[in-house]
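Student: One structure, as structure tokens, below. Some questions next.
2 protein chains.
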Amino acid sequence: MNIKANNPLLKSWITIPKNSDFPIQNLPFGIFSLEDETPRVGVAIGSQIVDLKSLFELGYLEEVPFELADFDAAVLNPMMLRGKEAIRVLRNRISDLLNIENKELQGNPEEALQILVNAEDVEMHLPLYIGDYTDFYSSEQHAYNVGCLFRDPNNALLPNWKHIPVGYHGRSSSIVVSGEPIHRPKGQKRPNPEEPPVFGPSNLLDFELEMGFVTFQGKPLGNSISTSEADEYIFGMCLFNDWSARDIQGWEYVPLGPFLGKNFASHMGAWIVTLDALEPFRVPGPIQKPEVLPYLEYKGDKHIAINLEVAIQPENTTEKVVSNSNYKYMYWNMNQQLAHHSVNGCNINCGDLMASGTISGPEKHEYGSMLEISWKGSKTVQMNDGSERKFINDNDTVIMRGFAQNDTTRIGFGEVSAKVLPAK
Amino acid sequence: MNIKANNPLLKSWITIPKNSDFPIQNLPFGIFSLEDETPRVGVAIGSQIVDLKSLFELGYLEEVPFELADFDAAVLNPMMLRGKEAIRVLRNRISDLLNIENKELQGNPEEALQILVNAEDVEMHLPLYIGDYTDFYSSEQHAYNVGCLFRDPNNALLPNWKHIPVGYHGRSSSIVVSGEPIHRPKGQKRPNPEEPPVFGPSNLLDFELEMGFVTFQGKPLGNSISTSEADEYIFGMCLFNDWSARDIQGWEYVPLGPFLGKNFASHMGAWIVTLDALEPFRVPGPIQKPEVLPYLEYKGDKHIAINLEVAIQPENTTEKVVSNSNYKYMYWNMNQQLAHHSVNGCNINCGDLMASGTISGPEKHEYGSMLEISWKGSKTVQMNDGSERKFINDNDTVIMRGFAQNDTTRIGFGEVSAKVLPAK
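So the protein lines, in turn, are chains A and B.
Counting in this note's numbering, the first sequence runs from 1 upward without gaps.
Counting in this note's numbering, the second sequence runs from 1001 upward without gaps.
So this is what it looks like as structure tokens:
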């Protein structure tokens, strides 16, 4: 695929700080607002944001198949409803306008000032109206670790795990954007199996390092999306923290799966990086044995290498990185997840979110949750102030970051960050 | 509570057929359209529907706290956003207009003709935009039967079952309205545990007899709704068929719960009966032992007696009733379900749907799924054409009906009906 805006030789007339997540080759989408202005669609470039509403109003988007209301919107869904090809045209046009060789906007500083906003000055919003949210469980190391911790190391993977991308439905209403603090959840748990359950704040609050992908409008109910069609239905990806209260989850989850142990909150990153921008970072996936059924077979490189890290920042000290993982460690890729999700005719809508499940790599420093890092609370991690963690404490901030990188280009996601306040 | 529109002495000037589900004491809400007209809000009365858009336009709703757009809408959500007290005022006003002692509309046959539509002439639509859908598992007999069939009759109920209203998140995108046919789902299953899984149409397609309840807008994320507050957040109830492909479900559901075995489709009834209209049918629930934690305690009668039936109609023959159950058999009531769902701070939105889980009574003829009726395929049920069923065949139509009844009044839900077409 030749995507014009991905050209590594492109340079912008806007200054891009070194190691920025947002070079001209990225151009991720989000929803931002300035004080006293309504939320609208923006595109990140360096330390700035392109205001697409203003860009449209000033006539710079006359050739693209969009209307003002698509950008003058509190969520990306209206824009996304125009489809993948339209978004591609839009991203190419924005790339042209920011290109150092293009004078249209560059040569009109007064209008450029109206269109460009300092990222530091804005509030970022949840970028999507999320109709349905699905969470997969597609990292082999994570599933293996959980199997070792809760079942039998000799049979750590359940019999279905290598045959189906196991997933479950999550709660969309409680997905919030990076930066919004949450309260430690309360709930029912049974710390001592010999005694009745008790009610109180979760004592085992955990993060899960995940990536999410966002869908375009799918096919009507009753139709399936094949692995080869899947790319056309994926708008882009974001960082995702699937908060998990292990004590609540452990008591409730049999036989129907996680519920209150998860649905108190999940955090997504503010920036959706298009799948187009990530195409240069495709890598082969693992060889899948036993062989998968034909509907899960796929052609080409459908995994993506994305460096991921998680840091914990206790109050009044610096952050400590507790995990370095990579999205390439997924056993099941997005194409397989989407093909599986729809093989029974289940329909997807514009703005649905699907998350990867915890992404753990083979090495211990690559584990994507405190459950694994502390090996179910049997080890501690030292913070920079000398305090120790097995799980997440009150007033800790958990920060996840991610970027794909090759010799020429770094395509980043920004961060997903959230502070945990004490239980209400 | 004294709800004016519930007065059993009220009579309407509109003819109500004997045993109608929709007397003047009911007034359920739905979305309907006539040919060449846009969908809009309607209220069922006898065999007719009151067109609330026309009613508003002709000036009959001047005193109610609504606007035209609330009724000139393809879903009930805008109307519901006005809140419980506003809906109560509206229902009382409609009751007055249909009351035989009120001449306002009755005395103006020309306008009455514009406002009243024959139910037979309309298309009914999915009445809600459903943000999130949750399915509970709150009938003790059903959980016990499933435990006997898949685990151990001596430990049929799992340890958490009497402590928490077990529930899980379902898929909202694939919820459709009564009458829409569905295709038998295809998927991965493992009929022989000694052999690899296979792909194909589900061979064990089942219904689940459930009731759903629909919520008003809740509190912001991080807040809880108590059992005593719950009634104020419930708009009404509907019939619900939680289709289940037992073979797909059986292979996929460990450890994260049902997914493709459920999300190919669920059917809801077209009419939402307000909780207000159901108040006269409150009954005590079972004594809960062991005692529940304080956040699940409740006062007063919070269960509701609703007669339920399921019929199967094979093609070219008459229907056969295969189950008679009752919503009063729930172990956990809606107030407890909502209190549990939000105790961790999970937020609910206007138009969320929560279903009961399969409602099975203690007697065999009261079981609410073919899994239980055929006792996992070990027994057959004879249809009126002599054919036998263990599960649902292609071209069968499954019909569920429900009504609450006392000495004076019958408050019904209509039906939820759907034909199963062969796999695509």
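We put the CB at the ideal spot given by N, CA and C, even for glycine.
Since we're looking at a predicted model, the values are computed, not measured.
Along the chain, which unbroken stretches of the alpha helix (DSSP H) at least 4 residues long are found entirely within the region 1006–1055 of chain B?
Tutor: none
Student: Using a Cβ-Cβ distance under 8 Å, would B:Glu-1252 count as near chain A?
Tutor: Position 252 of the second sequence, counted from the start, is the residue given in the question as residue 1252 of chain B. The beta carbon of B:Glu-1252 falls within 8 Å of a beta carbon belonging to chain A, placing the residue at that interface.
Student: Assign A:Asp-396 to buried or exposed, taking buried as 16 or more other Cβ atoms, counted over all protein chains shown, within 10 Å of its Cβ.
Tutor: For this step, residue 396 of chain A is matched to residue 396 along the first sequence. It counts as buried.
Student: Starting from the N-terminal side, write out each stretch of the beta strand (DSSP E) that is 3 residues or longer and does not extend beyond the region 293–364 of chain A.
Tutor: 307–313, 320–326, 353–355
Student: Would you say B:Lys-1186 reaches chain A, if we count a Cβ-Cβ gap shorter than 8 Å as a contact?
Tutor: Here residue 1186 of chain B is taken as the residue at index 186 of the second sequence, counted from 1. Yes, B:Lys-1186 lies at the interface with chain A (some Cβ there is under 8 Å from its Cβ).
Student: Of all the beta strand (DSSP E) runs that stay within the bounds of the region 72–140 of chain A, which reach a length of 3 or more residues?
Tutor: Runs found: 116–118, 123–125, 133–136.
Student: CB B:Ser-1387 to CB B:Glu-1210, shorter than 8 Å?
Tutor: In the second sequence, residue 1387 of chain B corresponds to position 387, counting from 1. In the second sequence, residue 1210 of chain B corresponds to position 210, counting from 1. For B:Ser-1387 and B:Glu-1210, no; Cβs fall outside 8 Å.
Student: Which residue from A:Ile-175, A:Gly-412, A:His-125 puts its Cα closest to that of A:Leu-353?
Tutor: Along the first sequence, one-based indexing puts residue 353 of chain A at 353. Nearest C-alpha to A:Leu-353: A:Ile-175.
Student: Could you pull out every unbroken beta strand (DSSP E) segment of at least 3 residues lying fully inside the region 183–239 of chain A, listed in chain order?
Tutor: 186–189, 198–201, 209–215
Student: Between B:Pro-1185, B:Asp-1072, B:Arg-1093, B:Ser-1033, which lies nearest to A:Ser-342 when the distance is taken from Cα to Cα?
Tutor: Here residue 342 of chain A is taken as the residue at index 342 of the first sequence, counted from 1. Of the listed residues, the one whose Cα sits closest to A:Ser-342 is B:Pro-1185.
Student: So, with DSSP's three-state summary, where would you put A:Met-383?
Tutor: The sequence position of residue 383 of chain A within the first sequence is 383, counting from 1. Of the three classes helix, strand and coil, the one that applies to A:Met-383 here is coil, per DSSP.
Student: For B:Asp-1276 and B:Val-1064, what's the separation of their Cα atoms in angstroms?
Tutor: In the second sequence, counting from the first residue as 1, residue 1276 of chain B sits at position 276. In the second sequence, counting from the first residue as 1, residue 1064 of chain B sits at position 64. Those two C-alpha atoms are separated by around 17 Å.
Student: Provide the residue span of the alpha helix (DSSP H) that contains B:Leu-1371, from first to last.
Tutor: Working through the second sequence from its first residue, we reach residue 1371 of chain B at position 371. Its alpha helix (DSSP H) spans residues 1370–1373.
Student: Could you please give me the residues that DSSP links to A:Asn-241 through a beta bridge?
Tutor: Here residue 241 of chain A refers to the residue found at position 241 when the first sequence is read from its first residue. In DSSP, A:Asn-241 forms a bridge with A:Leu-209, A:His-267.
Student: From A:Asp-394 to A:Ser-202, what distance separates their C-alpha atoms?
Tutor: Residue numbering aside, residue 394 of chain A sits at position 394 when the first sequence is read from its first letter. Residue numbering aside, residue 202 of chain A sits at position 202 when the first sequence is read from its first letter. Going from the Cα of A:Asp-394 to the Cα of A:Ser-202 covers about 11 Å.
Student: Helix, strand or coil for B:Ile-1164 per DSSP?
Tutor: For this step, residue 1164 of chain B is matched to residue 164 along the second sequence. B:Ile-1164: coil per DSSP, three-state reduction.
Student: In the DSSP assignment, find the alpha helix (DSSP H) that holds B:Glu-1252 and state where it starts and stops.
Tutor: In the second sequence, the residue the question calls residue 1252 of chain B occupies position 252. Where B:Glu-1252 is concerned, the enclosing alpha helix (DSSP H) stretches over 1246–1252.
Student: Please state if the CB of B:Thr-1274 and the CB of B:Ile-1399 are separated by a distance shorter than 8 Å.
Tutor: In the second sequence, the residue the question calls residue 1399 of chain B occupies position 399. In the second sequence, the residue the question calls residue 1274 of chain B occupies position 274. No. Outside cutoff.
Student: Whose C-beta lies closer than 7 Å to the C-beta of A:Ile-100 among residues of the same chain, with five residues either side of it excluded?
Tutor: Walking along the first sequence from the start, residue 100 of chain A turns up at place 100. Cβ within range, chain order: Lys-11, Ser-12, Trp-13.
Student: For A:Leu-421, report the span of its beta strand (DSSP E) as first-last.
Tutor: Residue 421 of chain A sits at position 421 when you count from the first residue of the first sequence. Where A:Leu-421 is concerned, the enclosing beta strand (DSSP E) stretches over 410–421.
Student: Name the two residues that bound the continuous beta strand (DSSP E) containing B:Ala-1404.
Tutor: Locating residue 1404 of chain B in the second sequence gives position 404, where the first residue counts as 1. That run of the beta strand (DSSP E) goes 1397–1405.
Student: Check whether the Cβ atoms of B:Leu-1058 and B:Ile-1045 lie closer than 8 Å to each other.
Tutor: Position 58 of the second sequence, counted from the first residue, corresponds to residue 1058 of chain B. Position 45 of the second sequence, counted from the first residue, corresponds to residue 1045 of chain B. Taking 8 Å as the Cβ cut-off, B:Leu-1058 and B:Ile-1045 do not qualify as a contacting pair.
Student: Among the candidates A:Gln-336, A:Pro-165, A:His-303, A:Tyr-129, whose CA atom is the shortest distance from the CA of B:Trp-1251?
Tutor: One-based indexing of the second sequence puts residue 1251 of chain B at position 251. Of A:Gln-336, A:Pro-165, A:His-303, A:Tyr-129, the residue nearest in Cα terms is A:Pro-165.
Student: Give me, in chain order, the residues of the same chain whose beta-carbon lies closer than 8 Å to that of B:Asp-1283; leave out the 5 immediate sequence neighbours on both sides.
Tutor: Within the second sequence, the letter at position 283 stands for residue 1283 of chain B. Residue identity check: residue 1283 of chain B is Val in the sequence provided, not Asp. Same-chain partners within the cutoff: Asp-1301, His-1303, Ile-1304, Ala-1305, Lys-1328.
Student: Quick check: is the beta carbon of B:Ser-1323 nearer than 8 Å to any beta carbon in chain A?
Tutor: The sequence position of residue 1323 of chain B within the second sequence is 323, counting from 1. Residue contact check for B:Ser-1323 against chain A: no CB pair falls below 8 Å.
Student: Round the Cβ separation of B:Thr-1358 and B:Glu-1208 to the nearest angstrom and send it over; I've been treating them as touching at under 8 Å.
Tutor: Here the question's residue 1358 of chain B lines up with position 358 in the second sequence. Here the question's residue 1208 of chain B lines up with position 208 in the second sequence. Indeed they touch by this definition, with Cβ atoms about 4 Å apart.
Student: Cβ of A:Met-330 within 8 Å of Cβ of A:Ser-33?
Tutor: For the purposes of this step, residue 330 of chain A is identified with residue 330 of the first sequence, where counting begins at 1. For the purposes of this step, residue 33 of chain A is identified with residue 33 of the first sequence, where counting begins at 1. Cβ atoms of A:Met-330 and A:Ser-33: not closer than 8 Å.
Student: What does a CB cutoff of less than 6 Å around B:Ser-1374 pick up in its chain, not counting 5 residues either side in sequence?
Tutor: By 1-based counting over the second sequence, the position of residue 1374 of chain B is 374. Excluding residues within five positions, the ones whose Cβ falls inside 6 Å are Lys-1390.
Student: Can you list the residues of chain A that B:Ala-1265 reaches, using a CB-CB cut of under 7 Å?
Tutor: Here residue 1265 of chain B refers to the residue found at position 265 of the second sequence. Simply Leu-221.
Student: Ordered along the chain, which non-local residues of its own chain (more than five positions away) have a Cβ less than 8 Å from that of A:Gly-179?
Tutor: Taking the first residue of the first sequence as 1, we reach residue 179 of chain A at position 179. The answer, listed in chain order, is Met-124, Ala-270, Ser-417, Ala-418.
Student: Nearest to B:Phe-1071 by alpha carbon, out of B:Asp-1096, B:Ser-1047, B:Ile-1130, B:Ile-1115?
Tutor: Translated into positions along the second sequence, residue 1071 of chain B becomes position 71. Looking only at B:Asp-1096, B:Ser-1047, B:Ile-1130, B:Ile-1115, the smallest Cα-Cα distance to B:Phe-1071 is reached by B:Ile-1115.
Student: Short of 7 Å in beta carbon distance, which residues of its chain neighbour A:Gly-414, apart from the five on each side in sequence? Order them along the chain.
Tutor: What you label residue 414 of chain A is simply residue 414 of the first sequence in a count that begins at 1. Result list for A:Gly-414: Asp-21, Gly-269, Ala-270, Trp-271, in chain order.
Student: Can you tell me whether DSSP reads A:Glu-388 as helix, strand or coil?
Tutor: Here residue 388 of chain A refers to the residue found at position 388 when the first sequence is read from its first residue. Correct three-state label for A:Glu-388: strand.
Student: If you draw a straight line from the C-alpha of B:Gln-1382 to the C-alpha of B:Val-1322, how long is it?
Tutor: Numbered from 1 along the second sequence, position 382 holds the residue referred to as residue 1382 of chain B. Numbered from 1 along the second sequence, position 322 holds the residue referred to as residue 1322 of chain B. Rounded to the nearest angstrom, the two C-alpha atoms are 9 Å apart.
Student: Quick check on A:Pro-8 - is its C-beta less than 8 Å from some C-beta in chain B?
Tutor: The residue you call residue 8 of chain A lines up with position 8 of the first sequence. No, because no Cβ of chain B sits closer than 8 Å to the Cβ of A:Pro-8.
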